[in-house]
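Enquirer: Just dropping this structure here.
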Amino acid sequence: MAAPPVRPAADAATLGAATAVIDAGGIVAVPTRRWYMLCADATDEDACRSIFAGKGRPVAKPLALVLPTDAAVAERFVLSPAARRLAERLWPGDLALLLPWRHPGDAERHPWLGAGTPMVTRDPGFLGALSLRVRNPIATAVVSRSDGRTPQERAPALSPAAVLAFVEAHGAPLELLVDGGVCPLGVGLTVVDCTTAEPAVVRAGSVHERAVEAALHEA
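In full-length UniProt numbering, the protein residues as written are 1 to 219.
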């Protein structure tokens, strides 16, 4: 597959270009502080399944969901008081919450996001700005090969060069690469399960567990 066009994140026109690709059903690679992410319209089944195929990712492992505002999250998901507290104190940020759908029909219509408790986040960088521009929520997954035979193939892409190497090696259908330079953290989202009475960190990541505890319990 031919290499995708590359546009700098700092260019004011890049946000519009990325918006147009996603709204048209395409896939964009976007930088975050952690690593590069494959992004698509979360309501577009074909686009989302292209992410699964490009990564060699089992459909049973849902994509993450990026929403633009806390209100947009509350519109689609049930937030406990603890979940609202985490959202107010740590979003936008490198934190994801496992949340139950507010309307069961949404789970049935979007199984690639997780039928029960999707992983929901708000991003502080380019991805967050993109979520404010596109028509629908964004489905995301890290630029890496889930079924890679070597640690290098499975390693998340931290640079534009790594994204291009991923596309060349695996033929992932990418229509635009947003060049944000090297992603410095190289650590995933912290994931908190907010479906139980007491929220629990189920995956350690960029946001320290003590920060989660402070957000939950300190005044």
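For glycine and all other residues, C-beta sits at the position ideal for the given N, C-alpha and C.
A quick note: this is a predicted structure, and the numbers were derived from the prediction, not measured.
On the premise that aspartate 94 lies in contact with threonine 14, defined as a C-beta separation below 8 angstroms, what is that separation, rounded to the nearest angstrom?
Expert: The residue labelled residue 14 in the question sits at position 14 within the sequence shown. The residue labelled residue 94 in the question sits at position 94 within the sequence shown. Actually they are not in contact, since the Cβ atoms of threonine 14 and aspartate 94 sit about 22 angstroms apart, beyond 8 angstroms.
Enquirer: Looking only at C-alpha atoms, which of Pro62, Ala161 and Ala83 sits nearest to residue 228?
Expert: Any answer about residue 228 is impossible in this case: the structure gives the chain only from 1 up to 219.
Enquirer: Helix, strand or coil: which one does DSSP assign to aspartate 123?
Expert: Translated into positions along the sequence shown, residue 123 becomes position 123. Aspartate 123: coil per DSSP, three-state reduction.
Enquirer: Do leucine 174 and proline 4 come within 8 angstroms of each other at the CB atom, strictly closer than that value?
Expert: For the purposes of this step, residue 4 is taken as residue 4 along the sequence shown, with counting starting at 1. For the purposes of this step, residue 174 is taken as residue 174 along the sequence shown, with counting starting at 1. Taking 8 angstroms as the Cβ cut-off, proline 4 and leucine 174 qualify as a contacting pair.
Enquirer: Which class does arginine 154 belong to by DSSP, given the choice of helix, strand or coil?
Expert: As a first step, residue 154 is located in the sequence shown; it is residue number 154 there, counting from the start. Correct three-state label for arginine 154: helix.
Enquirer: Restricting to Cα atoms, I'd like to know which of Cys48, Pro68, Pro104 and Pro160 is closest to arginine 135.
Expert: The residue labelled residue 135 in the question sits at position 135 within the sequence shown. Checking every option, the nearest Cα to that of arginine 135 belongs to Pro68.
Enquirer: Please check the pair alanine 40 and alanine 29, which I expect to be a contact at CB under 8 angstroms, by giving their CB distance rounded to whole angstroms.
Expert: Working through the sequence shown from its first residue, we reach residue 40 at position 40. Working through the sequence shown from its first residue, we reach residue 29 at position 29. Rounded, the Cβ-Cβ distance is 11 angstroms, inconsistent with contact.
Enquirer: At what residue ranges does the stretch 63-91 contain a whole run of the beta strand (DSSP E), taking only runs of 3 or more?
Expert: Entirely contained in the stretch 63-91, the beta strand (DSSP E) runs reaching 3 residues are, in chain order, 64-66.
Enquirer: Which residue from Glu198, Ser50, Val192 and Thr196 puts its Cα closest to that of histidine 208?
Expert: For the purposes of this step, residue 208 is identified with residue 208 of the sequence shown, where counting begins at 1. Measuring from the Cα of histidine 208, the nearest candidate turns out to be Val192.
Enquirer: For glycine 140, write down the residues that DSSP places opposite it in a beta bridge.
Expert: Taking the first residue of the sequence shown as 1, we reach residue 140 at position 140. Sequence inspection shows threonine at residue 140; the glycine mentioned does not correspond to that position. Per DSSP, Cys39 and Ala64.
Enquirer: Grab the span of the alpha helix (DSSP H) containing threonine 14 for me, first residue to last.
Expert: Working through the sequence shown from its first residue, we reach residue 14 at position 14. Start and end: 12-23.
Enquirer: DSSP three-state call for proline 58: helix, strand or coil?
Expert: Stepping through the sequence shown from its first residue, residue 58 is reached at position 58. Correct three-state label for proline 58: coil.
Enquirer: Taking the alpha-carbon of valine 212 as reference, which of Gly148, Val167, Glu153 and Arg84 has the nearest alpha-carbon?
Expert: Working through the sequence shown from its first residue, we reach residue 212 at position 212. Of the listed residues, the one whose Cα sits closest to valine 212 is Arg84.
Enquirer: Do you know how far the Cα of arginine 149 is from the Cα of alanine 18?
Expert: Working through the sequence shown from its first residue, we reach residue 18 at position 18. Working through the sequence shown from its first residue, we reach residue 149 at position 149. Approximately 31 angstroms, taken between the alpha carbons.
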